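Numbering (this note's numbering), first residue to last: 1458 to 1908.
In this text, a Cβ means the ideal position worked out from N, Cα and C, and glycines have one as well.
Note that this is a predicted model, so its numbers are computed, not measured.
Report on one structure; see the data block that follows.
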Amino acid sequence: MAAKATIQEERQERRGSPEFRLRAQQGYSVLRKMITSHGSSEIGDDLKNMPMIEDVMRQKPELVGALLKSAWQLRSNEKLAEFFKSAVTPEKVVDGQDESILPCDRTYESTLQSHLFGTVRLYMKQKENAWVQRRVSRPESLDKEAVGGFVNFFRKLFGMKPIVNENVVRESYPSRGLYEILKPYLLHADQFKYITAYSGLSAKGASIIGDIFENLRSSTALKVACTLSPDALLSARGCARAYAESGIFAEVLEEEKEVARKRTPQEMRRDSEIALRIKQDTTVIFADILNNHIESLDFVKRHKAGAEAVVRALAPLYQEETWSILAEDGAVENVINCPPTVAKELGKDARYINAQVSKYITQMHYPDIGRDIIAILRKELNEENFRRSLQDEAAIKVWETVPGTFNNRFKYQHDAKAGVKEIKNFKDLLGEAKPIVADMRNALGLEKPKR
């Protein structure tokens, strides 16, 4: 495929070139005959009912790229060779896809590009027309702008069907103008197979996706994008920006750690070099979300703009795991409800602490006791059982007893000096917490440790 700059120069589709259109139809007719004459096949059976190349473009757009690829591979075949004669050496077929072909003086690359443009345009125009006709057939569902007016007043009065203003109906089509938005991003031969997915986008949604179209190289990613409302797509892009800023701001602050006063996020956003990096990284991350983290988009759809704030809170600690937390049922709630001192102790494991456990810890007069019991459990249990101690239903019932066990009994300070009667330290807590640890082991169905 030609470079983007070259494509921009060759943007004209030359729809009005009878010679090129005739030549394309002739080439298709030859190739179609070659394919259908070799017995029954899925593609051959499809082509039997599509005598015109525009039939394929409208009905099976994904086949157009495959047909062009087949034609190129078979260009030396005597039946197809005349369609690939070199403009420089007419007695030979072209070797490179960037060589001019007789008689239209087009390259295979530009022919491919023209067919990509034309196929998207025809397929989307057909979908638009079908949508308009469905709406026109139900005038009772249309607003006054489409069926109003003096004439229609009398038609309704006499029980006649109103005259519908199709132009008004067409302007309300959600994907109106979609082709024009997509056109700058139609750059690759493999995009033929995504045309039907593209057509499910609204024009507003396509504008938001914008410059990452060429990075969406899976049907799954495109289908997911098509199920998202423009607001949800905007939120997903906002999440990508929040994530990009988290990484870049941390990097900048690390580089400037010797500076007396650290720059605020607002100041960094005003820095043109940093702003450019954020923009570039946002594009890459947005594509990555749609390609590789589609499971996180359910959270984005539910919370819309609120999802961006969650990503800003999670990204500094969880980094690339941020998206799996968004996708994990209850994980975000766990992190948000986790008391700060406990979160510091747990680190990334804060995703596992049930919100109810966090609630019991905050009910304590000295929440640091809860934090330090967690530290004790982490030492006493293996990783799997430690996580269970933070979330299993039986474990939560043990945590429910903790505030009542320790509240009003003593004051607590993790690093208090030993021997001070009114204040207990961590060493004291080790003894006081033994019954809690034993209850937890019992709740989790674990044997007592051998000493």
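With a 10 Å radius around its C-beta and 16 neighbouring C-beta atoms as the bar for buried, classify Asn-1791 as buried or exposed. If you number the sequence shown from 1, residue 1791 lands on position 334. Here Asn-1791 is buried: its Cβ has 16 or more other Cβ atoms, across all protein chains shown, within 10 Å.
Let's test the definition: count the other Cβ atoms within 10 Å of the Cβ of Gly-1695 and tell me whether it reaches 16, buried, or not, exposed. As a first step, residue 1695 must be located in the sequence shown, where it is residue number 238. With 16 or more other Cβ atoms within 10 Å, it is buried.
Say whether chain C places a C-beta atom closer than 7 Å to the C-beta of Lys-1650. In summary, chain C is missing from the structure at hand, where a single protein chain is found.
Under 7 Å between the Cβ atoms of Ser-1753 and Leu-1783? To locate residue 1753, count along the sequence shown from 1; it is residue 296. To locate residue 1783, count along the sequence shown from 1; it is residue 326. The Cβ-Cβ distance between Ser-1753 and Leu-1783 falls below 7 Å.
How about Gly-1446 and Phe-1649: do their beta carbons lie closer than 7 Å? The shown model of the chain, from 1458 to 1908, leaves out residue 1446, and the question about it has no answer.
Tell me, which residues are paired with Val-1430 by DSSP? Since the first residue of the chain shown is 1458 and the last is 1908, residue 1430 is not available in this structure.
Between the C-alpha atoms of Gly-1634 and Arg-1726, what's the straight-line distance to the nearest angstrom? For the purposes of this step, residue 1634 is identified with residue 177 of the sequence shown, where counting begins at 1. For the purposes of this step, residue 1726 is identified with residue 269 of the sequence shown, where counting begins at 1. Rounded to whole angstroms, Gly-1634 to Arg-1726 spans 33 Å at the Cα level.
Quick one: what does DSSP say Arg-1595 is sitting in, helix, strand or coil? Indexing the sequence shown from 1 puts residue 1595 at position 138. Three-state result, Arg-1595: coil.
Ends of the alpha helix (DSSP H) at Met-1509? Locating residue 1509 in the sequence shown gives position 52, counting from the first residue. Neither: Met-1509 is in no alpha helix (DSSP H) and is coded neither H nor E.
Per DSSP, what kind of secondary structure is Tyr-1630 in: helix, strand or coil? Working through the sequence shown from its first residue, we reach residue 1630 at position 173. Looking at Tyr-1630 - three-state DSSP - the assignment turns out to be coil, as it is neither helix nor strand.
Can you tell me whether Asp-1829 is buried or exposed? The criterion is at least 16 other CB atoms within 10 Å of its CB, across all chains shown. Numbered from its first residue, the sequence shown carries residue 1829 at position 372. So Asp-1829 counts as buried.
Provide the residue span of the alpha helix (DSSP H) that contains Glu-1840, from first to last. What you label residue 1840 is simply residue 383 of the sequence shown in a count that begins at 1. Counting along the chain, the alpha helix (DSSP H) containing Glu-1840 begins and ends at 1840 to 1848.
State buried or exposed for Gly-1575, treating a residue as buried only when at least 16 other CB atoms are found within 10 Å of its CB. Here residue 1575 is taken as the residue at index 118 of the sequence shown, counted from 1. Counting Cβ neighbours within 10 Å, Gly-1575 comes out buried, since at least 16 surround it.
Would you kindly report the start and end of the unbroken alpha helix (DSSP H) that includes Phe-1756? Counting from 1 along the sequence shown, the entry for residue 1756 is found at position 299. Unbroken alpha helix (DSSP H) run through Phe-1756: 1754 to 1760.
Is the segment 1796 to 1808 in contact with the segment 1855 to 1871, if contact means three or more CB pairs nearer than 8 Å? no
Beta-carbon proximity check, Ala-1766 vs Ile-1833, cutoff 7 Å: For the purposes of this step, residue 1766 is taken as the residue at position 309 of the sequence shown. For the purposes of this step, residue 1833 is taken as the residue at position 376 of the sequence shown. No, these two residues do not count as a Cβ contact at 7 Å.
From what residue to what residue does the alpha helix (DSSP H) around Arg-1478 run? The residue you call residue 1478 lines up with position 21 of the sequence shown. Arg-1478: member of the alpha helix (DSSP H) spanning 1475 to 1493, first to last residue.
Find the nearest neighbour of Val-1741 within the set Phe-1670, Val-1855, Ile-1818, Lys-1549, judged by alpha-carbon distance. Position 284 of the sequence shown holds residue 1741. Of the listed residues, the one whose Cα sits closest to Val-1741 is Phe-1670.
Buried versus exposed call for Lys-1517 [16 or more other C-beta atoms within 10 Å across all chains shown]: For the purposes of this step, residue 1517 is taken as residue 60 along the sequence shown, with counting starting at 1. That one is buried.
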